[in-house]
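Chemist: Residue 1 is where the sequence shown starts when you use the UniProt record's numbering, and the numbers rise one by one after that.
The structure's right below; bear with me while I get my questions together.
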Amino acid sequence: MVRAREVNHFEIALQIKMDAQDIRVATLESQRKSIVVVPQDTVLFNDTVYHNIHYGRLSATEEEACDVVGRAAIHDTILKFPENYSTMVGERGLKLSGGEKQRVALARTFLKAPPLL
Numbered sequence: 001m002v003r004a005r006e007v008n009h010f011e012i013a014l015q016i017k018m019d020a021q022d023i024r025v026a027t028l029e030s031q032r033k034s035i036v037v038v039p040q041d042t043v044l045f046n047d048t049v050y051h052n053i054h055y056g057r058l059s060a061t062e063e064e065a066c067d068v069v070g071r072a073a074i075h076d077t078i079l080k081f082p083e084n085y086s087t088m089v090g091e092r093g094l095k096l097s098g099g100e101k102q103r104v105a106l107a108r109t110f111l112k113a114p115p116l117l
């Protein structure tokens, strides 16, 4: 969180808003639904690439899923996998490189479409 601080006797006030509401007055539940963090060492499910991406929003259309893999710059890489989108990623995504795992996790997050990433 960013806090106000004093610099050279001048006070700098910083306010962060989501949907026109100061996040300091938002409920913890509301903040958790609105803010998503993608860690550098992300964990994937022992399932297909497709299901790992689609988990971001199960109601997403195939067109929406195609859009997010393009935004995450992982589509061309997935097409090189043995079974494309049906390739199993292994336990915790161990069959993918670190960068591939991060891009799959980013695609999943883009599909969720959080207000703050």
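Ideal Cβ positions, reconstructed from N, Cα and C, are used throughout, including at glycine.
Could you check the C-alpha separation between Y50 and P114 for me, to the nearest Å?
Modeler: Approximately 20 angstroms between the Cα atoms of the pair.
Chemist: Report back the beta-carbon spacing between T109 and V43 to the nearest angstrom; my notes put them in contact at under 8 angstroms.
Modeler: At roughly 13 angstroms, the Cβ-Cβ gap does not stay under 8 angstroms, so T109 and V43 are not in contact.
Chemist: Which of helix, strand or coil does DSSP assign to L79?
Modeler: Reduced to three states, the DSSP call for L79 is helix.
Chemist: Alpha carbon to alpha carbon, how far is I74 from K101? Give it in angstroms, no decimals.
Modeler: So the alpha carbons of these two residues sit roughly 10 angstroms apart.
Chemist: Does the distance from the CB of A60 to the CB of L111 come in under 7 angstroms?
Modeler: Taking 7 angstroms as the Cβ cut-off, A60 and L111 qualify as a contacting pair.
Chemist: Have a look at the DSSP bridge pairing and note the partners of D22.
Modeler: Paired residues: K17.
Chemist: Per DSSP, what are the beta-bridge partners of T48 in this structure?
Modeler: Answer is M88.
Chemist: Taking DSSP as the reference, what is the three-state secondary structure of L116?
Modeler: Strand.
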